[in-house]
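Residue 3 is where the sequence shown starts when you use our numbering, and the numbers rise one by one after that. A virtual CB, placed ideally from N, CA and C, is assigned to each residue, including glycine. Take a look at the structure set out below.
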Amino acid sequence: MNTPLPAVELRVPTEEDAWHWHHVFNDPDVMEFHGGKAAELSVYEELTARQRRHHAERGFCFYTLLDPADGAVMGFTGAQPWPGDWGPVGEIEIGWRLGRAYWGKGYATAAAQAALVSVRKAGVREVVAMVDSRNERSLAVTRRLGMRLAETLRTPTGERTAYCHRLDV
Numbered sequence: 003m004n005t006p007l008p009a010v011e012l013r014v015p016t017e018e019d020a021w022h023w024h025h026v027f028n029d030p031d032v033m034e035f036h037g038g039k040a041a042e043l044s045v046y047e048e049l050t051a052r053q054r055r056h057h058a059e060r061g062f063c064f065y066t067l068l069d070p071a072d073g074a075v076m077g078f079t080g081a082q083p084w085p086g087d088w089g090p091v092g093e094i095e096i097g098w099r100l101g102r103a104y105w106g107k108g109y110a111t112a113a114a115q116a117a118l119v120s121v122r123k124a125g126v127r128e129v130v131a132m133v134d135s136r137n138e139r140s141l142a143v144t145r146r147l148g149m150r151l152a153e154t155l156r157t158p159t160g161e162r163t164a165y166c167h168r169l170d171v
């Protein structure tokens, strides 16, 4: 049976969202595949500023994901140019990260689908998703989005395996 996806609300990140992202991601479970702990607040300040620039220049970004019921920040989802110097350099990456309280409820899939609308409007024809091979939750989102596994990569340190998924938008 297909369960309907929940309603989601996306907004271009505000300056205040840096604090919200830092707070929501300050959970070892949330950060398990992203270094194990939340980055310093200054990292989120730079990240939200970069996302505002991406939106202004490209028409899409990593959006702040809001709980439509109460406006609480749930995390982020959206797309940006792949930031690494390995993997899909120069390509547009779709991604998502949600607070633990919002896992398993369809929010990541619904939010990613909503973000893809902006990506399509901007004329992007293909996105990639780089996912740690152990991250079953994110791998499930790639499947629900209809992404296909395109490549298996080792991280630059060689310690982990990452899957590069692709989607024609």
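Secondary structure of residue i, DSSP reduced to three states
i, result
"R146", "helix"
"E2", "In this structure the chain extends from 3 to 171, so residue 2 is not present and cannot be described."
"L141", "helix"
"V14", "coil"
"L7", "coil"
"T154", "strand"
"D134", "strand"
Cβ-heavy atom distance, residue i to the ligand FMN, below 6 Å
i, result
"E59", "Annotation note on the ligand FMN: not contained in the displayed structure, which lists no ligands."
Sequence-distant residues of its chain with Cβ nearer than 7 Å to residue i (five each side left out)
i, result
"D69", "M76"
"E161", "none"
"P8", "K107, G108, Y109, A112"
"E11", "L68, P70"
"G61", "S120, K123, A124"
Limits of the unbroken beta strand (DSSP E) element including residue i
i, result
"A41", "Taken as a continuous stretch (DSSP letters only), A41 belongs to no beta strand (DSSP E), as it is neither H nor E."
"T163", "163-170"
Residue i - containing alpha helix (DSSP H), residue span
i, result
"D19", "19-26"
Close Cβ partners of residue i (< 6 Å) along its chain, the five nearest in sequence each way excluded
i, result
"H22", "V75"
"R102", "D29, D31, V32"
"S140", "V133"
"H167", "A131, T144, M149, L151"
"H56", "C63, Q82"
"L43", "H24"
Straight-line Cα distance separating residue j from residue i
i, j, result
"Q115", "Y46", "24 Å"
"N28", "D170", "33 Å"
"G73", "R146", "25 Å"
"K107", "D87", "33 Å"
"T154", "G89", "9 Å"
"S120", "D19", "20 Å"
"E59", "E138", "33 Å"
"P15", "R136", "29 Å"
"A40", "T5", "32 Å"
"R127", "R54", "22 Å"
(request) List in chain order: all unbroken beta strand (DSSP E) runs of 3+ residues lying wholly within the stretch 51-131. (result) 64-68, 75-83, 94-100
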